[in-house]
Every structure is written in C-alpha cells, then in structure tokens.
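Order-wise, the sequence lines are chains Z and U.
Per this note's numbering: the first sequence = residues 98 to 369.
Per this note's numbering: the second sequence = residues 764 to 1040.
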Amino acid sequence: MSAPVDSVVTLEQISKQFAHGKTVALQGIDLSIERGEFVSLIGPSGCGKSTLLRIIGDLIEPSEGRVTVHGKSAHQARLDRDYGIVFQHAVLYDWRTVSKNISLPLEMLGWDRGRRAARIKEMLELVELTGFESHHPWQLSGGMQQRVAIARALSFSPALLLMDEPFGALDEMTRERLNMELLRIWDETGSTIVFVTHSIAEAVFLSTRVVVMSPRPGRVSEVLEIDLAQPRTAELREDPRYFELVTQVREALARGGADSAFEELAPEEGGE
Amino acid sequence: MRQVLKRVGVFLLVLAALWAVWEGWHAIGTEFDLTWPFPVNDVTMPHLHRIVQSLFEPAQINGPWLIDILWHDSLFTAKECIVGFALGVVIGFGIAVALSQSRLLERGLIPYIVASQTVPLLAIAPMVVVGLGTKGVKDWISVSVLAAYLTFFPVAVNGLRGLQAADPRAVELMRSYAAGRWRILWKLQVPTSLPYLFSAFRIAAPLAVVGAIISEPAASIQGGLGGAIVNFNQYYSIEPQELWATNIVAALLGITFFVVVVLVEKLVVRRAPEHYA
Chain Z
98 MSAPVDSVVT LEQISKQFAH GKTVALQGID LSIERGEFVS LIGPSGCGKS
148 TLLRIIGDLI EPSEGRVTVH GKSAHQARLD RDYGIVFQHA VLYDWRTVSK
198 NISLPLEMLG WDRGRRAARI KEMLELVELT GFESHHPWQL SGGMQQRVAI
248 ARALSFSPAL LLMDEPFGAL DEMTRERLNM ELLRIWDETG STIVFVTHSI
298 AEAVFLSTRV VVMSPRPGRV SEVLEIDLAQ PRTAELREDP RYFELVTQVR
348 EALARGGADS AFEELAPEEG GE
Chain U
764 MRQVLKRVGV FLLVLAALWA VWEGWHAIGT EFDLTWPFPV NDVTMPHLHR
814 IVQSLFEPAQ INGPWLIDIL WHDSLFTAKE CIVGFALGVV IGFGIAVALS
864 QSRLLERGLI PYIVASQTVP LLAIAPMVVV GLGTKGVKDW ISVSVLAAYL
914 TFFPVAVNGL RGLQAADPRA VELMRSYAAG RWRILWKLQV PTSLPYLFSA
964 FRIAAPLAVV GAIISEPAAS IQGGLGGAIV NFNQYYSIEP QELWATNIVA
1014 ALLGITFFVV VVLVEKLVVR RAPEHYA
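The following block contains the structure:
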C-alpha cells in the first residue's frame, strides 16, 4: 500500500505491544488521513487511541508497521517539527507567562524576538486571549489554559495538529464553545487535525471522519464519513442528520465488541 | 503593612517569652538550688542582660568592644560561608545534573553521596587544610571547601528530585519540538527544579555557617567566629557571657543567610500559590 499523494498521515499495519508482548495495545492498524481532514479517533478505555496518536507523533515507537507523515518517516517529521500537539491537560509552564508559553516552540525554532512577538500577538487574537499575555497559567481558567495550549501548538504553523482529548477535562459549556473555536481555527489555518476523544457527540460534531476503535487488542473496527454541512454551526447539534450519525457511531462502538462501551466512555486514560 | 506589623509583633512576643523562660528558670534555679538537669548559676546561665551588655564592653582591658571584634569575625566567617555556599551549590547541582542524565550513575553514586555525610567534618578537616595548603591555597579557602562539603549534599539530593519532577507530558511536548536532552534540561527540568533547589538552599545556608565555624579551628584560623568561640571557651568559667554573646552572633549570621535565600527565592521563583509551603 503506497501513500496517496495528498496523504498527511499514513499508517500501515501498525501494532504495538507493551510489557514484552504481554499486552497488545494495537493490532494491524491501517489508516490514511488526507490533507485538510478532521479525523477523530474514538473508542473505550484501552483501545489504544492515545497510543496511536503518540505513534503518529513519534513519541512512542510502534512494535511493527510503518508510519508516514508528510511523506517522511514519523521520526523525520518530528525532527522537522511537522506537527503540533495538545494534551488533555494544558501542560503549560507555570514559570512562564501566557506569551512566553506560546513562544516556547518558536524559541526552539530559533526565531528572533521581533518575529516571535508578532506571531504571539497573532496567536492571542486567534484564540481570543488578547490582554492576557502577562498572566501566569495559574491565573487562568481551565478553558483559557487549553486555549493557550492550542495557540502554542499552532504558533509555528504546523500543517498537522494532534489533539489528545483536549477538552476532556473541561465542563460541557466550555467544551462546546471551544469546539466552535477549534472549527473556526481549523477553517482559518487549513490544517489537518487528528483528534482523540471519548465523546461521541464531540467526534460527530467536529469531524469529517470518525475512526471507531475497539479494545483488547486495540484495532480500527469502523470508519464513518461525517457528511454534515461545512462550516459547522451550533444549530447543527439539533439537526436530525446529526442525531443519526451520533446513533451510527454509538452502534459502531457497540458492534466493535465494546458492549460495556457506555460505562467505559467515562473520563479515562489520564496517564496514557 | 498590617501583615508585616503582625509578624514583627509575633516575633517580639516569642522573644519576650524566651527571655521570660530563661530568666524564670534562672530565678527558680538559684532560689531552690536546683541541680537537675544541671546546676543553675551565673556561669551556666548568665543573665541575658549581662550577655547583651558584654557586647558593649571591651573584651580585653583597653581593647575594642566585644561587638566590634565579633563584627569583624563575622565578616571574615561570612566570606568563607559565601564562597563555601556557592561552591556547594555548583558542585551539588553539577552532581544532580549528572545523575539526572544516567540511571546507572544515579544508582552507582547515591550510596557514596549519602555516606559522605556520615563522615564527621572534623575528621576530614586536617586532610583538606593540609592537602590544599601544600598547593598554596589560602586557609580560609580550605574552610570554604569544608563548608561546601556540608552544603553540596542537600543541593544534590533535592536538585536531583527537582530535575526528575518534570511532568512526563511536558517532556513529550519538548520531544514533539525535536528538543534533545540538553534543551529539555535547560528549558524544562532546570526551571522545574527551582522550587526544590531553593528549599535545599534554605537548609544549605545555615549549614555553610556551621561548617565554616567548625572548620576554622581545624585550619588554625583565628580571625573568624570559630576562632572566637574556641578562644572564649577557655574563659568560660570566668566570662561565660562572652561565649554566649558569640553564639548569638553566630546564630544571627546563619539567620541572615537564611533570610537572604528566602528573599532571593521570592524574586526568582514564580509558581502557582499552591507551590508555596
């Protein structure tokens, strides 16, 4: 299987074992993600969705299989800083102000002060945090912290954004607002997003495609195209087609062997 | 402002209470001829006002006031302490960085680092003083080296803990930026370790004073507080207040270093409020 020209991420027969093969986290994953797609990985605890995301980012090595990012090995893509990553927790540096946190990857890239300042200003506007540049992380709400983390991930304009349950620790209202904001940013930047979530509603609302995974061993059980109109609006959450798709994803999760999916889709995998 | 006043008030209150306990015990002890746990008289427990008063009297006939002598002794010892503290911090943190980079080094060396602190300072003092002396190193620098022998330990142990305290996801974040181990060390681990380092400095600062005072006699140094203590020891049965006064000055020196560390910490370490004890 060769990578299509416009493929941003290609996974071929990816497997991952932990603890000397005793735990099979992932088995035989094939997946291709195209430029500009918004792909969600959804599944119950232990389906390896966070592990898969880290394999794409070359933060974990697969036991078998091949990962291609922008036509290169995942390792080379990481060294070329081809992607930005956002975790469930903002993981901001306490000792740095909001501006300085956003500046971190830019410092790594060796940007000069003037260029950094200009980009930080842009980013603060993008995530609507202008006026908070000198605040320290602990002075911000959870939602604001996560917006700083998103600004940091996007600051160096990576074409690929990896997100590991970025809104999982937020309350429902903040989460819905940030969903809208993320869609706007996705639209404005034209980036490709791989999004790990355990929320069916969130996956359907945001994505162009939902990859349903099942546990023990982790594998892709179904891939669903989400044909809702673009750009997505808040009203879409009351659209009959939206409910249909939510039901389809839920049934796919159940078929995937995750009978207990509904209990297991609680907040989870914090440490993964 | 209110807070400051309150703190000063509490400080003065505790001071008054200590004075009352001391003088009270003295009064009861002399009145009833207490011999347990020790006989109470003007030699074992000189009056506090006598101790303070002795600071403003000549230590020797026609000599300068005691406080004048102790002031110069303190400056001399302070110089040894500052160099010893700095040396201990550099060596201690260097060890912490080295151990943080290699599990093998950590496992291999930690026992020896711990063991180093079980060796009494007095036992190694002559070796250091004589050994460095043959290289032409000044005696007071040898004392600094001995002070560093005490101060490096908390810095190494706490520093290592701080360097290892970085959030694993923050490490992943750094790796996603293609950061190598030195970048991760400098941009993430060192800042993470700062609060840990400063709690080590709070311990190390008074330790430097103790180390210097103990080492001065071993290096036959007369010009510092250690020398003064040895000197006033010999006259204790006649002039006990002079040794007590010297002790108080030595304690003040340790407290001064501690306060400086705390003030610098407040300027340097910017963390969420829950990080402050």
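By construction, the Cβ of each residue, glycine as well, lies at the ideal position given by its N, Cα and C atoms.
Query raised in the report: Do the CB positions of G925 (chain U) and L960 (chain U) come within less than 7 Å of each other?
Result: Contact flag set, yes.
**Report entry** Limits of the unbroken alpha helix (DSSP H) element including R924 (chain U)
**Finding:** Element bounds for R924 (chain U): D902 to L926.
Query raised in the report: Of the residues U:V972, U:Q864 and U:F795, which one's Cα is nearest the Cα of L1016 (chain U)?
Result: Among U:V972, U:Q864 and U:F795, the Cα nearest to that of L1016 (chain U) belongs to U:V972.
Requested in this report: For the beta strand (DSSP E) holding V767 (chain U), just list the boundary residues, first then last.
Outcome: Judged by DSSP secondary structure, V767 (chain U) falls outside any beta strand (DSSP E) and instead within the alpha helix (DSSP H) spanning R765 to F795.
Query raised in the report: How is P821 (chain U) classed by DSSP in three states: helix, strand or coil?
Result: The answer is strand: DSSP assigns P821 (chain U) an E or B state.
**Report entry** Continuous alpha helix (DSSP H) stretch holding M241 (chain Z): start and end
**Finding:** That run of the alpha helix (DSSP H) goes G239 to L251.
Query raised in the report: Contact check, T1009 (chain U) vs L988 (chain U) under 8 Å by CB: the rounded distance?
Result: Their Cβ separation, rounded to whole angstroms, is 7 Å, which keeps T1009 (chain U) and L988 (chain U) in contact under 8 Å.
Query raised in the report: With a cut-off of 7 Å, does the C-beta of L936 (chain U) fall near any C-beta of chain Z?
Result: L936 (chain U) counts as touching chain Z.
Query raised in the report: So, are the CB atoms of L138 (chain Z) and V293 (chain Z) less than 7 Å apart?
Result: Against a cut-off of 7 Å, the Cβ pair of V293 (chain Z) and L138 (chain Z) comes out as a contact.
Query - Within chain U, partners of V188 (chain Z) - CB distance below 7 Å - result: Result: D930, R932, A933 and L936.
Query - Chain-ordered residues of the segment 1023-1034 of chain U with a beta carbon less than 8 Å from chain Z - result: Of all residues in the segment 1023-1034 of chain U, V1032, R1033 and R1034 have a Cβ within less than 8 Å of some Cβ in chain Z.
Query raised in the report: What residue does the alpha helix (DSSP H) around M220 (chain Z) start on, and which one ends it?
Result: R210 to L223 is the span of the alpha helix (DSSP H), which, as asked, contains M220 (chain Z).
Query raised in the report: When burial is assigned at 16 or more other CB atoms within 10 Å of the CB, is M270 (chain Z) buried or exposed?
Result: M270 (chain Z) comes out exposed.
Report task. Pick helix, strand or coil for S283 (chain Z), following the three-state DSSP scheme. Result -> Before going further, note that residue 283 (chain Z) is Trp rather than Ser in the sequence given. It is helical.
Query raised in the report: Identify the residues that DSSP records as bridge partners of F65 (chain Z): which are they?
Result: Lying before the first or after the last residue shown, residue 65 (chain Z) is absent from chain Z, which here runs from 98 to 369.
Query raised in the report: What is the C-beta distance between I887 (chain U) and Y912 (chain U), in whole angstroms, given that I count them as a contact (C-beta under 8 Å)?
Result: Between the beta-carbon of I887 (chain U) and that of Y912 (chain U) there is about 7 Å, and that keeps the pair under the 8 Å contact cut.
Query raised in the report: Buried or exposed: which applies to N198 (chain Z), given that a residue is buried once 16 or more other Cβ atoms fall within 10 Å of its Cβ?
Result: It counts as buried.
Report task. Mark R151 (chain Z) as exposed unless 16 or more other C-beta atoms lie within 10 angstroms of its C-beta, in which case mark it buried. Result -> Buried: at least 16 other Cβ atoms inside 10 Å.
Query raised in the report: Under a CB-based cut-off of 7 Å, is K769 (chain U) close to chain Z?
Result: Closer than 7 Å: no.
Query - Ranges of the alpha helix (DSSP H) found wholly within the segment 148-202 of chain Z, counting only runs of at least 4 - result: Annotation: the segment 148-202 of chain Z contains the following complete segments of the alpha helix (DSSP H) (minimum length 4 residues), in chain order: 171-176.
Query raised in the report: Distance, Cα to Cα, L223 (chain Z) vs V309 (chain Z)?
Result: Cα to Cα, the separation comes out at about 31 Å.
Query raised in the report: Going by alpha carbons, who is nearest to M277 (chain Z) out of Z:S200, Z:G143, Z:Q327 and Z:D191?
Result: Closest by alpha carbon: Z:Q327.
Query - Amino acids of chain U, ordered along the chain, whose beta-carbon sits closer than 9 Å to that of D209 (chain Z) - result: Within chain U, no residue comes near D209 (chain Z); the closest Cβ sits about 17 Å away, beyond 9 Å.
Query - CB-CB length for G986 (chain U) against S907 (chain U), believed under 8 Å - result: At roughly 14 Å, the Cβ-Cβ gap does not stay under 8 Å, so G986 (chain U) and S907 (chain U) are not in contact.
Requested in this report: Give the DSSP-derived three-state secondary structure of G368 (chain Z) in the structure shown.
Outcome: In this predicted model, G368 (chain Z) has a pLDDT of only 41, less than 50, meaning its place in the structure is not dependable enough to derive any value.
Query raised in the report: Would the beta-carbon of R41 (chain Z) fall within 7 Å of that of T289 (chain Z)?
Result: Nothing can be reported for residue 41 (chain Z), as the shown portion of chain Z is limited to 98 through 369.
**Report entry** Distance CB(V245 (chain Z))-CB(L189 (chain Z)) smaller than 7 Å
**Finding:** For V245 (chain Z) and L189 (chain Z), yes; Cβs fall inside 7 Å.
Query - Cβ neighbour criterion (16 or more within 10 Å) applied to Y180 (chain Z) - result: It counts as buried.
Query raised in the report: Do you know offhand how far R329 (chain Z)'s Cα is from M241 (chain Z)'s?
Result: Approximately 22 Å between the Cα atoms of the pair.
Requested in this report: Anything in chain Z within Cβ reach of S956 (chain U), meaning under 7 Å, just list it in chain order.
Outcome: What S956 (chain U) touches in chain Z, judged by beta-carbon distance under 7 Å, is nothing: the nearest beta carbon there is about 11 Å away.
Query raised in the report: Is it right to say Y940 (chain U) is buried, meaning 16 or more other beta carbons lie within 10 angstroms of its own, or is it exposed?
Result: Y940 (chain U) should be labelled buried.
Query raised in the report: Taking C-beta to C-beta, are I126 (chain Z) and V183 (chain Z) nearer than 7 Å?
Result: At a Cβ-Cβ threshold of 7 Å, I126 (chain Z) and V183 (chain Z) do not count as neighbours.
Requested in this report: Can you check DSSP and say which residues form a bridge with G871 (chain U)?
Outcome: Partner(s): none; G871 (chain U) has no beta bridge.
Query raised in the report: Which one of Z:L275, Z:M260, Z:L206 and Z:V121 has the shortest CA to CA distance from A331 (chain Z)?
Result: Nearest C-alpha to A331 (chain Z): Z:L275.
Requested in this report: Give the secondary structure of G826 (chain U) by DSSP, where H, G and I count as helix, E and B as strand, and everything else as coil.
Outcome: G826 (chain U) carries a coil assignment under DSSP once its states are collapsed to helix, strand and coil.
Query raised in the report: What is the rounded straight-line gap between the Cα of L333 (chain Z) and the Cα of Y339 (chain Z)?
Result: When only Cα atoms are considered, L333 (chain Z) and Y339 (chain Z) end up about 7 Å apart.
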